[in-house]
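Step one of this worksheet: look at the structure below.
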Amino acid sequence: DTGVSQDPRHKITKRGQNVTFRCDPISEHNRLYWYRQTLGQGPEFLTYFQNEAQLEKSRLLSDRFSAERPKGSFSTLEIQRTEQGDSAMYLCASSRGGAYNEQFFGPGTRLTVL
Amino acid sequence: AQSVTQLDSQVPVFEEAPVELRCNYSSSVSVYLFWYVQYPNQGLQLLLKYLSGSTLVKGINGFEAEFNKSQTSFHLRKPSVHISDTAEYFCAVSGLYNQGGKLIFGQGTELSVKP
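Chains as they are written, first to last, in my numbering: chain L, 69 to 182; chain D, 42 to 156.
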C-alpha cells in the first residue's frame, strides 16, 4: 500500500511535554498538508508545504507548533509544551499541485494530553 | 474567506432508503467543492468533487451531489443506502484562486444506516 502513513497512531503525554509526529506522503505528491480534528468537528487547516517550502500557516498554529518537510519528502509536526487543549486528531494529507486535486489523507495521530 | 455549514449533525436512515446530506457554503470567490467520507479508524476518502461544468456530479459507491450556485449548496444524495455506508461525511470547499488548495471543512454529518 503506497498511501499516506502517519506515526505514531496514538500518543499520550503529560502537559508540558514535547511531542513530534511524522507523516510520509505519497511519493510523487509535492504538496503536504496538516489538519487538526477535534471531537465532533471537521478537520481544520494548520499548514501546508510545496516540496520543502512551508507556504501557509493558519492562525491556529501558535508558536508552540513547528512543522518541517526536509528534502520535500516526509514531514514532522512538533508541539512544544503541550496543553490539554492540544488534544485532538492530527491529520496529514498529500496531493499533486493545484487546488482542484484530491488530497489523500493518512489515518491520523490521536494526541491525548493529560 | 470561506465557510461550510452541514445542516444535520446526525442522519439515521433505514437500509435501502434514500438519503440526502445537506451542505451550504459561503464564499466571496468561486470555489471547488468536495465530499469526503470517514469510516471508523480510517482516513478521509474522497467521494466526489465539483470543479466546473455539469452541476450534477457522480462519485464512488453510488453517491452523487448537485451544485446549486444560487443557493450556495452542494447536497449529497444516494437513492438506496447500505449498512456499509454508515460513516461520517464531510463537505469541504477550496477557493478557486487559492493556489495552496487548503480545504475548509464543515462540521460533519454522521450517517447511521439501520437494518
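We treat Cβ as the ideally placed atom computed from N, Cα and C, and that holds for glycine. Treat the numbers as computed from the prediction; the structure is a model and nothing was measured.
1) Compute the beta-carbon to beta-carbon distance between residue 159 of chain L and residue 140 of chain L, rounded to the nearest angstrom, for a pair I have assumed lies under 8 Å.
2) Count the other CB atoms within 10 Å of the CB of residue 111 of chain L; is the residue buried (16 or more) or exposed (fewer)?
3) Which residues bound the beta strand (DSSP E) around residue 80 of chain L?
4) Would residue 83 of chain L be called buried (16 or more neighbouring beta carbons within 10 Å of its own) or exposed?
5) May I ask you to report which of helix, strand or coil DSSP gives residue 112 of chain D?
6) Roughly how many angstroms separate the alpha carbons of residue 62 of chain D and residue 89 of chain D, rounded to a whole number?
7) Give the range of the beta strand (DSSP E) segment to which residue 80 of chain D is assigned.
8) Can you find the residues in the same chain that come closer than 7 Å, C-beta to C-beta, to residue 138 of chain D, ignoring five residues on each side of it along the sequence?
9) In this structure, does DSSP put residue 154 of chain L in helix, strand or coil?
10) In this structure, does DSSP put residue 125 of chain D in helix, strand or coil?
11) How is residue 94 of chain L classed by DSSP in three states: helix, strand or coil?
12) Less than 8 Å between C-beta atoms, sequence neighbours within five positions excluded: which residues of the same chain meet that for residue 99 of chain D?
13) Tell me the rounded alpha-carbon separation between residue 78 of chain D and residue 143 of chain L.
14) Short of 8 Å in beta carbon distance, which residues of its chain neighbour residue 133 of chain D, apart from the five on each side in sequence? Order them along the chain.
15) Would you mind working out which of L:113, L:108, L:181 and L:89 sits nearest residue 73 of chain L, comparing C-alpha positions?
16) To which residues of the same chain is residue 156 of chain D closer than 8 Å at the C-beta, ignoring the five residues directly before and after it?
17) Specify the secondary structure class of residue 53 of chain D as computed by DSSP and reduced to three states.
18) Determine whether the Cβ of residue 87 of chain D lies closer than 7 Å to any Cβ atom of chain L.
Let me lay it out:
1) As a first step, residue 159 of chain L must be located in the first sequence, where it is residue number 91. As a first step, residue 140 of chain L must be located in the first sequence, where it is residue number 72. Contact flag wrong, Cβ pair sits at about 20 Å.
2) Translated into positions along the first sequence, residue 111 of chain L becomes position 43. Taking all protein chains shown into account, residue 111 of chain L has 16 or more neighbouring C-beta atoms within 10 Å of its C-beta and is therefore buried.
3) Here residue 80 of chain L refers to the residue found at position 12 when the first sequence is read from its first residue. Run containing residue 80 of chain L: 78-81, per the beta strand (DSSP E) assignment.
4) For the purposes of this step, residue 83 of chain L is identified with residue 15 of the first sequence, where counting begins at 1. Label assigned to residue 83 of chain L: exposed.
5) Position 71 of the second sequence, counted from the first residue, corresponds to residue 112 of chain D. Correct three-state label for residue 112 of chain D: coil.
6) In the second sequence, residue 62 of chain D corresponds to position 21, counting from 1. In the second sequence, residue 89 of chain D corresponds to position 48, counting from 1. Residue 62 of chain D and residue 89 of chain D: Cα-Cα distance of roughly 14 Å.
7) The residue labelled residue 80 of chain D in the question sits at position 39 within the second sequence. Per DSSP, residue 80 of chain D belongs to no beta strand (DSSP E) and is neither H nor E.
8) Working through the second sequence from its first residue, we reach residue 138 of chain D at position 97. Once the five neighbours on either side are set aside, the close Cβ partners of residue 138 of chain D are 70.
9) Here the question's residue 154 of chain L lines up with position 86 in the first sequence. Note: residue 154 of chain L maps to helix in three-state DSSP.
10) Here the question's residue 125 of chain D lines up with position 84 in the second sequence. Under the three-state reduction of DSSP, residue 125 of chain D is assigned to helix.
11) On the first sequence, position 26 is the one that residue 94 of chain L refers to. Three-state DSSP puts residue 94 of chain L in coil, outside helix and strand.
12) Numbered from 1 along the second sequence, position 58 holds the residue referred to as residue 99 of chain D. Beyond the five residues adjoining it in sequence on each side, residue 99 of chain D comes within less than 8 Å, by CB distance, of 89 and 105 in the same chain, given in chain order.
13) As a position in the second sequence, residue 78 of chain D is number 37, starting the count at 1. As a position in the first sequence, residue 143 of chain L is number 75, starting the count at 1. Those two C-alpha atoms are separated by around 24 Å.
14) Locating residue 133 of chain D in the second sequence gives position 92, where the first residue counts as 1. Setting aside the 5 residues that flank it on each side, residue 133 of chain D is surrounded in the same chain by 45, 74, 75, 76, 77, 144, 145, 146 and 147, each with a C-beta closer than 8 Å to its C-beta; the list follows chain order.
15) For the purposes of this step, residue 73 of chain L is identified with residue 5 of the first sequence, where counting begins at 1. Looking at the Cα atoms, L:89 is the closest of the given residues.
16) Reading the second sequence from its first residue, position 115 is the one you call residue 156 of chain D. Around residue 156 of chain D: 55, 56 and 124.
17) For the purposes of this step, residue 53 of chain D is identified with residue 12 of the second sequence, where counting begins at 1. Three-state result, residue 53 of chain D: strand.
18) Here residue 87 of chain D refers to the residue found at position 46 of the second sequence. With 7 Å as the cut-off, residue 87 of chain D counts as an interface residue toward chain L.
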